[in-house]
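Using the working numbering, you'd call the opening residue of the sequence shown number 285 and step up by one each time.
Single-structure report; data block below.
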Amino acid sequence: MRGRLTLFSVHTTNRLSTSKICRFAQRVRREDEQIYRKRKRNHFPSPLSHGDWHNINNWCPEVTWIYFFVIVINALVGLPINVWVLWLIVRGSEGVLASEIFTLNLAALELIYCLQVPLALLNYFVLNSILSKTSLFFNGLIIFGRPLFQCCVCVERYLAVLHPLTFLRYRPLRYRVGCLALVWMITFGGCLAFVLLQLLVYYALVVFIILLLSVMSFCCLAVLRALRSPGPGEGEGQGPHLAKKRAFRIITVNLVFTLATYLPLIVAAFLYSHISDRSFLTVDGTCYSISVFCSFVQPLHFLSRAGKLQCIMGH
């Protein structure tokens, strides 16, 4: 009887010890997960955006080849069409220059980014912090500047359709030059902050993009509402109605491709603490690819409005 009690007490003690060990292991695992998530929040590694190519090769090698393919396509396609857009606007009349001033600056921004392709390729083969920061600065030009100029185009079309008196009041070139100076200052300031304060600026960028998307969505919906309820004397084929349709198309193109470019990255930013680095790099690479291909839409849309694509196609 005493032997049975001894065996029972030993068995019970072993069960209690095993239970304590399991609870201890679970607690340690939870603490490790909390520490890992805290480190991820405090150190947001986005090598694709930061030019850290050696980490990309270690975590997700295929992203490197995707990036190389995309930047080469960007240089081969983006360079000639943006030069063409700049040439058409600069060679046009003063009225064309004034009305397309934001498109002109957006094309110049895209052209600058196309010209930094050799620097991006050199950054892969030469491990240098100056090259990485320079490449990051040029990436910031696109990340901050492109949505800002697209938003300016949308607001301009919105004012032209729904607030024509305000649009005419601020139509002179000097007002637009002042607006452009402000946009370029914000863009360069964002680039410098992107180089120096990567993590904090990344989360601020998410808020920045959401704000711009909200403004562009408002402009799109307001013009759509005006289009569905034409004013007196605005028939389907008359000038004011056609101007509204044209403004609606321009705003919609900017809004759709801005959403396609930045929405996946915004979602990934909120899910970053819960996904692996490899998954985030895949999302980051996908967003970059979409961003590059979407950059062709604005100049092609301008060339279509200018009637140049019809000339190429023989129509």
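Idealized CB from N, CA, C, for every residue including glycine.
The structure displayed is predicted, hence computed values, not measured ones.
Status (buried if at least 16 other CB within 10 Å, exposed otherwise) for residue i
i: Ser-575; result: buried
i: Leu-406; result: exposed
i: Ala-531; result: buried
i: Pro-402; result: exposed
i: Ile-493; result: buried
i: Gly-591; result: exposed
i: Arg-460; result: buried
i: Gly-474; result: buried
i: Pro-448; result: exposed
i: Thr-512; result: A quick correction: the sequence has Arg, not Thr, at residue 512. Under this definition Arg-512 is an exposed residue.
i: Lys-322; result: Interpretation of Lys-322 is limited by its pLDDT of 49, a score under 50 that renders its predicted location unreliable; the figure taken from the coordinates is listed afterwards. Lys-322 should be labelled exposed.
i: Gly-429; result: buried
i: Arg-441; result: buried
i: Asn-538; result: buried
i: Leu-332; result: A caution first: Leu-332 carries a pLDDT of 42, below 50, which makes its placement in the model unreliable, though a value can still be read off. That one is buried.
i: Leu-641; result: Residue 641 cannot be examined here, being either before or after the span of the chain that is shown, 285 to 599.
i: Leu-526; result: exposed
i: Gly-569; result: buried
i: Phe-586; result: buried
i: Tyr-481; result: Position check: residue 481 holds Leu in this sequence, whereas Tyr was assumed. Counting Cβ neighbours within 10 Å, Leu-481 comes out exposed, since fewer than 16 surround it.
i: Met-597; result: Its pLDDT being 49, under 50, Met-597 is placed unreliably by the model, and the measurement read from it follows with that caveat. Per the 10 Å Cβ criterion, exposed.
Presumed contact (8 angstroms Cβ cut-off) between residue i and residue j, rounded CB distance
i: Cys-571; j: Ile-535; result: Not a contact, Cβ separation roughly 22 angstroms.
i: Val-485; j: Leu-420; result: Incorrect: roughly 11 angstroms between the Cβ atoms, too far for contact.
i: Ala-392; j: Leu-370; result: 7 angstroms
i: Phe-433; j: Leu-390; result: 4 angstroms
i: Leu-395; j: Leu-363; result: 7 angstroms
i: Leu-446; j: Ala-382; result: No, Leu-446 and Ala-382 are not in contact; Cβ-Cβ is about 20 angstroms, not under 8 angstroms.
i: Leu-443; j: Phe-451; result: 4 angstroms
i: Leu-388; j: Ile-373; result: 5 angstroms
i: Ile-427; j: Leu-489; result: 7 angstroms
i: Pro-583; j: Ile-365; result: 5 angstroms
Nearest residue (CA-CA) to residue i, options the options
i: Ile-350; options: Val-581, Phe-580, Ser-573 and Leu-584; result: Ser-573
i: Ile-540; options: Pro-431, Cys-398 and Tyr-397; result: The displayed chain sequence assigns Val, not Ile, to residue 540. Looking at the Cα atoms, Pro-431 is the closest of the given residues.
i: Lys-355; options: Gln-582, Val-369, Leu-584 and Cys-578; result: Residue identity check: residue 355 is Ile in the sequence provided, not Lys. When only C-alpha atoms are compared, the closest one is Cys-578.
i: Glu-384; options: Ser-513, Val-437 and Asp-568; result: Val-437
i: Asn-423; options: Leu-399, Tyr-442, Leu-443 and Arg-533; result: Leu-399
i: Val-551; options: Val-537, Ile-470 and Val-567; result: Val-567
i: Arg-589; options: Lys-529, His-558, Ala-477 and Gly-569; result: Lys-529
i: Tyr-397; options: Phe-564, Phe-580, Gly-462 and His-585; result: Phe-580
i: Leu-505; options: Ser-563, Val-490, Val-491 and Arg-533; result: Arg-533
i: Val-491; options: Phe-554, Phe-472, Asn-358 and Gly-569; result: Phe-554
i: Thr-418; options: Leu-565, Ala-477 and Arg-375; result: Ala-477
i: Tyr-546; options: Gly-376, Tyr-487 and His-585; result: Tyr-487
i: Gly-462; options: Ala-404, Leu-481 and Phe-386; result: Phe-386
Heavy atom of the ligand NAD within 8 angstroms of residue i beta-carbon
i: Gly-473; result: The ligand NAD is absent from the structure shown, which contains no ligands of any kind.
Short CB-CB distance (under 9 angstroms) between residue i and chain C
i: Tyr-454; result: As a matter of chain content, chain C is missing from the structure shown, which is built from one protein chain.
Q: Report yes or no: do the stretch 448 to 463 and the stretch 490 to 498 share at least 3 C-beta pairs separated by less than 8 angstroms?
A: By the C-beta criterion, the stretch 448 to 463 is judged not to be in contact with the stretch 490 to 498, since fewer than 3 inter-stretch pairs fall below 8 angstroms.
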